[in-house]
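What follows is a single structure, written as structure tokens, with notes after it.
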Amino acid sequence: MSENEKRESLNFIEQMIEDDLASGKNSFVQTRFPPEPNGYLHIGHAKSIVLNFGLAEKYNGKCNLRFDDTNPEKESTEYVNAIIEDIKWLGYDYGEKALFTSDYFDTLYEYAIKLIKKGKAYVDHQSAEEISAGKTNPTIPGIESPYRNNSVEQNLEEFEKMRAGEYAEGSCVLRAKIDMTSPNMHMRDPIIYRIKKVAHHRTGDKWCIYPNYDFAHGQSDSIENVTYSLCTLEFRDHKPLYDWLIDELEIFPSKQTEFARLNLSYTIVSKRKLLQLVNDGHVAGWDDPRMPTISALRRRGFTPDSLKKFAHKVGVARRDGITDVALLEHSVREDLNKKANRVFGIQNPLKVVITNWPEDKEEIMQAVNNPEDETAGTRDMPFTRELYIEQDDFLENPPSPRKWFRLGPDREVRLKYGYIVKCTGFKKADDGSIEEIYCEYDPETKSGQDTSGKKVKGTLGWVSAKHAVEAEIRLYDRLFKTENLNTIDDDFINHLNPDSLTIVPNALVEPSLKDAKAGDQFQFERQGYFIVDKESTDDKLVFNRTVTLRDNWSKK
RNA sequence: UGCCUUGUAGUGGAAUUGGUUAACACGCCUGACUUUGGUUCAGGAGAUUUCAGGUUCGAGUCCUGACGAGGCAUCCA
Numbered sequence: 027m028s029e030n031e032k033r034e035s036l037n038f039i040e041q042m043i044e045d046d047l048a049s050g051k052n053s054f055v056q057t058r059f060p061p062e063p064n065g066y067l068h069i070g071h072a073k074s075i076v077l078n079f080g081l082a083e084k085y086n087g088k089c090n091l092r093f094d095d096t097n098p099e100k101e102s103t104e105y106v107n108a109i110i111e112d113i114k115w116l117g118y119d120y121g122e123k124a125l126f127t128s129d130y131f132d133t134l135y136e137y138a139i140k141l142i143k144k145g146k147a148y149v150d151h152q153s154a155e156e157i158s159a160g161k162t163n164p165t166i167p168g169i170e171s172p173y174r175n176n177s178v179e180q181n182l183e184e185f186e187k188m189r190a191g192e193y194a195e196g197s198c199v200l201r202a203k204i205d206m207t208s209p210n211m212h213m214r215d216p217i218i219y220r221i222k223k224v225a226h227h228r229t230g231d232k233w234c235i236y237p238n239y240d241f242a243h244g245q246s247d248s249i250e251n252v253t254y255s256l257c258t259l260e261f262r263d264h265k266p267l268y269d270w271l272i273d274e275l276e277i278f279p280s281k282q283t284e285f286a287r288l289n290l291s292y293t294i295v296s297k298r299k300l301l302q303l304v305n306d307g308h309v310a311g312w313d314d315p316r317m318p319t320i321s322a323l324r325r326r327g328f329t330p331d332s333l334k335k336f337a338h339k340v341g342v343a344r345r346d347g348i349t350d351v352a353l354l355e356h357s358v359r360e361d362l363n364k365k366a367n368r369v370f371g372i373q374n375p376l377k378v379v380i381t382n383w384p385e386d387k388e389e390i391m392q393a394v395n396n397p398e399d400e401t402a403g404t405r406d407m408p409f410t411r412e413l414y415i416e417q418d419d420f421l422e423n424p425p426s427p428r429k430w431f432r433l434g435p436d437r438e439v440r441l442k443y444g445y446i447v448k449c450t451g452f453k454k455a456d457d458g459s460i461e462e463i464y465c466e467y468d469p470e471t472k473s474g475q476d477t478s479g480k481k482v483k484g485t486l487g488w489v490s491a492k493h494a495v496e497a498e499i500r501l502y503d504r505l506f507k508t509e510n511l512n513t514i515d516d517d518f519i520n521h522l523n524p525d526s527l528t529i530v531p532n533a534l535v536e537p538s539l540k541d542a543k544a545g546d547q548f549q550f551e552r553q554g555y556f557i558v559d560k561e562s563t564d565d566k567l568v569f570n571r572t573v574t575l576r577d578n579w580s581k582k
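Everything in the first sequence is counted per our numbering, starting at 27 for the first residue and increasing by one.
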């Protein structure tokens, strides 16, 4: 039971770091988060961010934010800014400024020349198809390029011509000279520089040749003295190349370690597919609250803490699996339960007339803002003759009182912070729907000063008809109806959940919400957590449902 | 039929590095409390650690083999 008994178990990366620190192999921890600015960050990136920045915090090291911007065709400043906003929102400190691989283009160019001079790189004039064909396939040795043994002088000259724009795009590339027979395809003379006569979002027209990932990433890590370069599993095969280049270049020996990317049930985590959802209009944008992007999760009402907690709960390992979204949902509930003030919101209003309540009487009831946080205080709620409750809270023919705690003919419930009322009748509309119900309140049962001794099972939320504030509520459900989207054979678009968004245009919320501002978060009692959307206006409040409350009742 | 990574309750993920009844979390099920069918609290079910051999006093951990899963053959990252 003592403190030292509950020794926290380390994940394999922490284990490695502590071993390195202990053995003196490393004396500090430097990590980096290296997004390519070609899309928005999503929940999977959040895992990586928390891992990299979290490790730096834990071991008193540093974590750089470095944009891996070596492909000008796909990258833009819009994405850079969005990524920076997300990281700041998560609350991480990346030092003085964000770094860019493009800042190292001069150095990288020098590195290429060094490699050529060592006879370890050559300019290949074969077409893309020829190069690809030369690599053959993993089961048989590749074929050497006819340009492979050109002289250092010639390669130097031609590489300079590449840089000067004298060769057409696609006409030649710089290749590392390694081993065309390697069983590892990445070692079969990988392309390290290609011609792209495209302006770069930061360096403009300065360059018409750009290094590839393999000749940029590890080198940038090295330039930044990164000790732990953490990446996802699919880069495992690049590691020998990563090491080979650092070795040949004789630069700081950063080390790559792979971990499994996050897969989430009912969720797609692929930049390409997310882009498709946006482009094809399946969602309203990158920050559509149904998206798994960080900006969308923010708009949906997820907090930085909830995402961090989630990342820690998921853990880090080397085998890839699929995490249940329920864990994400649990993480927000856990956080918001402590932070969000409680209010009453009625999605589908049903009028209740308290027939024994005087016509014009208004009584002010005091409501607790957050039972989990005493400092949150209380608020006033006007109680009047005509109220609204949730339609779902009344049933004309309810099951037995043991199964149904809410209202029905002759049933009693408490209106929270108000009185216990008994249903004495109801009126139906022509179409058979319940138009309004009639109740009598018991004056002895006022909240806080109940002298009746009555006990009721049900407690309902309500809002005074006269004081209610209109609002639009957007109910979100999972974007996809299929649990594991990694194992489907058809187009993922076929798996979209048609009911992922339900708009409730005429909801009513309690008067205290009148001045709620975008970003304010609440728990609508018995319903879920909600956040005021950015599209909310003074005329019409708009709430996004972050997540429902846990519900042990509807499951039965 | 090449190479790399990886197989532990439904899911994620530990196991003092070869040591007794295989953590913990989510989910699920009971019960208690409750002016949220929430929260909290107490408890429970659920694993022949993919399989088959082997080494050992002792194997989830080591060895061999099989099988499964994922990745690698973009002038993407």
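Backbone N, C-alpha and C define an ideal beta-carbon position, used for all residues, glycine too.
Boundaries of the alpha helix (DSSP H) in which residue i is found, first to last residue
i, result
"Asp46", "Phe38 to Ser49"
"Ser357", "Val351 to Lys365"
"Phe79", "Ile69 to Lys84"
"Pro266", "Lys265 to Leu275"
"Lys281", "Careful: Lys281 lies outside any alpha helix (DSSP H), inside the beta strand (DSSP E) at Lys281 to Phe285."
"Gly160", "Ala154 to Lys161"
"Thr133", "Phe131 to Lys143"
"Phe452", "Phe452 -> not in any alpha helix (DSSP H); beta strand (DSSP E) instead, spanning Ile446 to Lys454."
"Tyr105", "Thr103 to Leu116"
"Lys335", "Pro330 to Val340"
"Leu441", "Run containing Leu441: none in the alpha helix (DSSP H); it sits in the beta strand (DSSP E), Glu438 to Leu441."
Cβ-based burial, residue i [other Cβ within 10 Å; buried from 16]
i, result
"Lys232", "exposed"
"Arg344", "exposed"
"Asp240", "buried"
"Asn570", "buried"
"Glu31", "Unreliable positioning characterises Glu31 in this predicted model, as indicated by a pLDDT of 39, which lies under 50. A coordinate reading is not provided."
"Glu579", "The sequence given here places Trp at residue 579; Glu does not occur at that position. Classification for Trp579: exposed."
"Ser28", "Here Ser28 scores only 33 on pLDDT, less than 50, and its place in the model is too uncertain to base an answer on."
"Pro61", "buried"
"Pro537", "buried"
"Glu122", "exposed"
"Leu486", "buried"
"Gly474", "exposed"
"Lys483", "exposed"
"Ser53", "exposed"
"Gln41", "exposed"
"Leu36", "exposed"
"Ile380", "buried"
"Gln392", "exposed"
"Pro397", "exposed"
Beta-carbon proximity check, residue i vs residue j, cutoff 8 Å
i, j, result
"Asp95", "Thr57", "no"
"Arg214", "Lys161", "yes"
"Phe24", "Leu433", "Since the displayed the chain opens at 27 and closes at 582, residue 24 lies outside it and no answer follows."
"Ile463", "Cys449", "yes"
"Lys114", "Asn64", "no"
"Asn395", "Ile348", "no"
"Phe285", "Thr253", "no"
"Ser478", "Asp503", "no"
"Phe278", "Ser321", "no"
"Gly244", "Ser280", "yes"
"Leu267", "Pro209", "no"
"Arg368", "Gln549", "yes"
Endpoints, the beta strand (DSSP E) within which residue i is located
i, result
"Gln547", "Gln547 to Phe550"
"Asn90", "Lys88 to Phe93"
"Pro167", "That residue, Pro167, is in no beta strand (DSSP E); it is neither H nor E in DSSP."
"Asn570", "Leu567 to Thr574"
"Ile461", "Checking the sequence shown, residue 461 turns out to be Glu, not Ile. From DSSP, the beta strand (DSSP E) with Glu461 extends over Ile460 to Tyr467."
"Val558", "Gly554 to Val558"
"Gln373", "Looking at the DSSP string, Gln373 is not in any beta strand (DSSP E), and its letter there is neither H nor E."
Residue i beta carbon near the ligand MG (any heavy atom closer than 7 Å)
i, result
"Glu44", "With respect to small molecules bound, the structure shown includes none, and the ligand MG cannot be examined in it."
Please confirm if the stretch 519-537 is in contact with the stretch 455-471, defined as three or more CB-CB distances below 8 Å between the two stretches. The answer is no - the stretch 455-471 does not touch the stretch 519-537, with fewer than three Cβ pairs under 8 Å.
Inspect the CB distances between the stretch 346-362 and the stretch 324-331 and report whether three or more fall short of 8 Å. With a cut-off of 8 Å, the stretch 324-331 and the stretch 346-362 count as touching, because enough Cβ pairs lie within range.
For the stretch 484-501 against the stretch 559-573, do three or more pairs of beta-carbon atoms, one drawn from each stretch, fall closer than 8 Å, so that the two count as touching? A contact exists between the stretch 484-501 and the stretch 559-573.
Closer than 8 Å is the cut-off here; do at least three beta carbon pairs connect the stretch 83-101 with the stretch 262-277? In this structure the stretch 83-101 does not touch the stretch 262-277; the number of beta carbon pairs closer than 8 Å is below three.
Counting beta carbon pairs with one atom in the stretch 401-421 and one in the stretch 534-553, are three or more of them shorter than 8 Å? Touching, per the Cβ criterion.
If you scan the stretch 504-550 from start to end, which runs of the beta strand (DSSP E) of 3 or more residues do you find wholly inside it? Entirely contained in the stretch 504-550, the beta strand (DSSP E) runs reaching 3 residues are, in chain order, 527-535 and 547-550.
Counting beta carbon pairs with one atom in the stretch 177-185 and one in the stretch 145-161, are three or more of them shorter than 8 Å? Contact check between the stretch 145-161 and the stretch 177-185: three or more CB pairs, one atom from each, fall below 8 Å, which counts as touching.
If contact is defined by three or more beta carbon pairs under 8 Å, each pair taking one atom from either stretch, is the stretch 221-229 in contact with the stretch 163-174? No: the two stretches stay apart, fewer than three of their Cβ pairs being nearer than 8 Å.
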